[in-house]
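Structure first, then comments.
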Ligand SMILES: Nc1ncnc2c1ncn2[C@@H]1O[C@H](COP(=O)(O)OP(=O)(O)OP(=O)(O)O)[C@@H](O)[C@H]1O
Ligand SMILES: [Mg+2]
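Rendered as structure tokens:
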């Protein structure tokens, strides 16, 4: 779906991105992860041509993006920013109608689609006539997402979409987003510097440092088969939690059908401590997980 | 009570003039403002994009702002002549900076994340500008336009100095003629106009720009501009054009007398003394109301027309001093009178020429002259007290002030401070009676007609007789204001009509009667 080849971008004398290549398949979630200043935003913005690379090329569905007028290209790619980038002089309804208007949708279609998304994103319809400043941070972020989803673009670029939120809101919104059917089918490239977030949201993770890719792979590959010391050091601090998040329940307990990570199951078990009906206990789960780890490391 | 009544009387009497001045004022302000908006907003946007240019462009606009208005108007006469054109250009230049700066600030202060989002959503540059940047910068931009409007309403009063009309005609005429009603009749509408325009713009500032199409804004704009041109005074090409100062226009011994005594029918515009001579030289005007000792007479090769029916009363210069000062320092009178009899008309014209045209300093010209006449003595640096000398705002008075300074310092133990440039007659006279200065050089004719305002019978009785006028003002000032006229210096700086020498010669015009005859020929 998206293919980047040998991207290079230099700002003055400093190299923000050097020789980056990756591929994202349709419907896949790729996370660009790394410390501040490692070139994540630069990489992301090259995809919708907000930044033009010095060399290298990007293909969208096999077509070089340079063959398309940037404005037209961008209208077909959802873009969510850290500080939501809502227009302060537009109401919420007007904000989310921006791209559809650019694409000359009629008012009625816009209204229907807005209602649909408001519903899905659990936004109160009364917010529509408010201005962004009257919204909470979480609401603003949801509106920002709604705006990018309005015309149902197949590709979504997100630059630290939860960056401005407090920890708790962030964890909740993240969870909701993962459940959202609108997002499930989409090809998403998301930037974050939060390792937990990357492991929760990503099908694959692209770990960057100083403008270069250190490793690109599934969460499990990064955890259990780090390409170099940088990768293992980067993940070490939160390794156990990350392992719980990246290993699927069915990998440790093949007889269970549920499509959950070990972490999700643990949370569920801890929440319904008292219910006896569960087929596994916390102890059984932990035992199975440590057996799984020994196999993988051995 | 009396004052209020006569103000309304004045307004109702002059209502035609007041309306035409007000409309001209609005016209000048609006045209220049709109031109400034048309130019400054795009440039403001441009320098917000190219930050490197911003320093130099804002710098240039800032420098323009600091040029004194009269100087700016004077500089433009050779290119644009007199009338609304240079006035509009000057006002336009003054309006540039606030609009430019606020457009720039408004645009650069738009949150970059918002612009980034707009770009990322696929808006093109024009859409970003008109739908995001301009609407968000609009309140700041409007604040700049409001500032410019208020400045322009104020500066537009100076348009009266270059024959462009406007409320300045009343204001400066009133100051020159010591007529408070006339001043107020110009100043009050000007102030109201500033308040009104500012208020209207403040309403505009609040509108939500995103819901309005740009075309809807351009439409009223063009309408206002077009109608503004209609408001400006139109110049009909007559045989000859006269430029008179606001003061001259309103005086019995000026334009009024020319009309009633000579029956002179000439098309007139109001213009400042500062640019009048040059405008005549540049063929922008044919007849002007000058002063007979003005140095520019010599510089621009102008000739004075003989006042064969004696409407211009004598204007012999003499210091007027408060009686209490003379009592306190009895030596002063004799010292000041030393100058008496030493300067005649041509000497004064020559001294003025040195200051106005050769750009010698009044100090130097005064000192040279005093040395020449053996009146110079080195300063005694006394500390007995300080004499404050005032002067009106032109070269001749500066020179006289310096001469008196030399006399006082050299002959008494008094110190001197000078307060030069006290605007017109009224300002100088008020400064004297309010004990802000101790004396200043005044002219008998001004004292007689402007400060005493005698009735027409008295004027006709004295009929321009030098000694009788001097006698009359001496007595009246002593009684009414407790001021003393010292001995006249000698020269007579009276009003005179002037023309370019070659034109006067080719038309064989030597006197005002000749001029009237020429104009009455078909
Ligand atoms: N427009 C620019 N001009 C100059 N340097 C830039 C520009 N944009 C980015 N850089 C530099 O390029 C490098 C990479 O920046 P980038 O924004 O891609 O980092 P990032 O990984 O997104 O960091 P963060 O997590 O802090 O957002 C940084 O050193 C940054 O200073
Ligand atoms: Mg970034």
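Chains as they are written, first to last, in my numbering: chain A, 1 to 298; chain B, 1001 to 1522. Even glycine gets a Cβ: it sits at the ideal position worked out from N, Cα and C. Bear in mind that the values here come from a model prediction, so they are computed numbers and not experimental data.
Is residue 1120 of chain B close to chain A? Criterion is C-beta to C-beta, closer than 8 angstroms.
By this cut-off, residue 1120 of chain B is an interface position.
Starting from residue 88 of chain A, find everything on chain B with Cβ-Cβ shorter than 9 angstroms and list it in chain order.
Within chain B, the residues near residue 88 of chain A are 1111, 1114, 1136.
Per the contact definition of three or more C-beta pairs closer than 8 angstroms, is the segment 21-32 of chain A in contact with the segment 189-196 of chain A?
For the pair of segments examined, the segment 189-196 of chain A was found to touch the segment 21-32 of chain A: the number of CB pairs separated by less than 8 angstroms reaches three.
Exposed unless 16 or more other CB atoms sit within 10 angstroms - verdict on residue 67 of chain A
The residue in question, residue 67 of chain A, is exposed, as its Cβ has fewer than 16 Cβ neighbours within 10 Å.
Check whether the Cβ of residue 195 of chain A sits closer than 7 angstroms to any heavy atom of ligand 2, and report yes or no.
Checking every heavy atom of ligand 2 against the Cβ of residue 195 of chain A, none is found closer than 7 angstroms.
Residues sharing a beta bridge with residue 299 of chain A, DSSP
As shown, chain A starts at 1 and ends at 298. That puts residue 299 of chain A outside it, with no answer to give.
Just to be sure I understand the criterion: a residue counts if its Cβ is closer than 7 angstroms to at least one heavy atom of ligand 2. Which residues meet that?
Counting only beta-carbon distances shorter than 7 angstroms to the non-hydrogen atoms of ligand 2, the qualifying residues in chain order are A/40, A/41, A/159, A/160, A/191.
Out of curiosity, what's the CA-to-CA distance linking residue 1385 of chain B and residue 1483 of chain B?
The straight-line gap separating the alpha-carbon atoms of residue 1385 of chain B and residue 1483 of chain B is approximately 20 angstroms.
Residue range of the unbroken alpha helix (DSSP H) whose run includes residue 246 of chain A
That run of the alpha helix (DSSP H) goes 239-246.
Could you tell me which residues DSSP puts in a beta bridge with residue 1268 of chain B?
Answer is B/1242, bridged to residue 1268 of chain B.
Residue 79 of chain A: first and last residue of the uninterrupted alpha helix (DSSP H) it sits in
Unbroken run through residue 79 of chain A is the beta strand (DSSP E), 77-80; no alpha helix (DSSP H).
If contact is defined by three or more beta carbon pairs under 8 angstroms, each pair taking one atom from either stretch, is the segment 98-113 of chain A in contact with the segment 147-155 of chain A?
These segments touch.
What is the DSSP secondary structure of residue 154 of chain A, counted as helix, strand or coil?
Coil.
Indicate the three-state DSSP secondary structure (helix, strand or coil) for residue 202 of chain A in the structure shown.
Note: residue 202 of chain A maps to coil in three-state DSSP.
Can we count residue 11 of chain A as close to ligand 1, meaning its CB is less than 7 angstroms from some heavy atom?
Answer for residue 11 of chain A: yes, Cβ within range of ligand 1.
Short check: CB of residue 1036 of chain B to CB of residue 1148 of chain B, under 8 angstroms?
The Cβ atoms of residue 1036 of chain B and residue 1148 of chain B lie closer than 8 angstroms to each other.
Which value, in whole angstroms, describes the spacing of the CA atoms of residue 1164 of chain B and residue 1347 of chain B?
The alpha-carbon atoms of residue 1164 of chain B and residue 1347 of chain B are separated by roughly 35 angstroms.
Same chain, Cβ closer than 6 angstroms to residue 1344 of chain B, neighbours up to 5 away in sequence not counted
Excluding sequence neighbours, residue 1344 of chain B sits near 1490, 1491.
Do the segment 1164-1183 of chain B and the segment 1407-1420 of chain B touch if we need at least three Cβ pairs shorter than 8 angstroms?
No contact exists between the segment 1164-1183 of chain B and the segment 1407-1420 of chain B.
Just to confirm, are residue 1105 of chain B and residue 1155 of chain B a CB contact at a threshold of 8 angstroms?
Contact: no.
Classify residue 89 of chain A as buried or exposed, calling it buried when 16 or more other Cβ atoms lie within 10 Å of its own Cβ.
A residue is called buried once 16 or more other Cβ atoms fall within 10 Å of its Cβ, and residue 89 of chain A is buried on that count.
Rounding to the nearest angstrom, what Cα-Cα distance links residue 42 of chain A and residue 1086 of chain B in this structure?
Each residue's alpha carbon lies about 53 angstroms from the other.
Exposure label - residue 1119 of chain B; buried when at least 16 CB within 10 Å:
So residue 1119 of chain B ends up on the buried side.
Could you tell me how far apart the beta carbons of residue 1357 of chain B and residue 1295 of chain B are, in whole angstroms, since I believe they sit closer than 8 angstroms?
Their Cβ separation, rounded to whole angstroms, is 6 angstroms, which keeps residue 1357 of chain B and residue 1295 of chain B in contact under 8 angstroms.
Proximity to residue 1179 of chain B [Cα-Cα], best of B/1412, B/1430, B/1334
Among B/1412, B/1430, B/1334, the Cα nearest to that of residue 1179 of chain B belongs to B/1430.
Check each residue of the segment 99-111 of chain A: if its Cβ is closer than 8 angstroms to any Cβ of chain B, include it; give the result in chain order.
The segment 99-111 of chain A vs chain B, Cβ under 8 angstroms: 99, 102.
With DSSP as the reference, identify every bridge partner of residue 1485 of chain B, one or two as the case may be.
Answer is B/1320, bridged to residue 1485 of chain B.
Considering only the beta carbon of each residue, do residue 1444 of chain B and residue 1316 of chain B sit closer than 8 angstroms?
Yes, they are a contact pair.
For residue 1048 of chain B, go through chain A and note every residue whose CB falls closer than 8 angstroms to its CB, in chain order.
Contacts between residue 1048 of chain B and chain A, judged by CB atoms closer than 8 angstroms, are missing: the closest CB pair is about 18 angstroms apart.
Within-8 angstroms CB hit, residue 976 of chain B to chain A
The shown model of chain B, from 1001 to 1522, leaves out residue 976 of chain B, and the question about it has no answer.
Is there a Cβ from chain A that is less than 8 angstroms from the Cβ of residue 1132 of chain B?
Taking Cβ atoms only, chain A reaches closer than 8 angstroms to residue 1132 of chain B, which makes this a yes.
Can you pull the DSSP bridge partners for residue 1500 of chain B?
The partner list for residue 1500 of chain B (beta bridge, DSSP) reads B/1302.
Supposed close pair residue 199 of chain A, residue 246 of chain A - CB separation, criterion 8 angstroms
About 5 angstroms; that satisfies the 8 angstroms criterion.
To which residues of the same chain is residue 1298 of chain B closer than 7 angstroms at the C-beta, ignoring the five residues directly before and after it?
Once the five neighbours on either side are set aside, the close Cβ partners of residue 1298 of chain B are 1349, 1353.
Where does the unbroken beta strand (DSSP E) through residue 1415 of chain B begin, and where does it stop?
DSSP places residue 1415 of chain B in the uninterrupted beta strand (DSSP E) bounded by 1414-1419.
When you compare only the Cα positions, how much space is there between residue 56 of chain A and residue 167 of chain A?
When only Cα atoms are considered, residue 56 of chain A and residue 167 of chain A end up about 37 angstroms apart.
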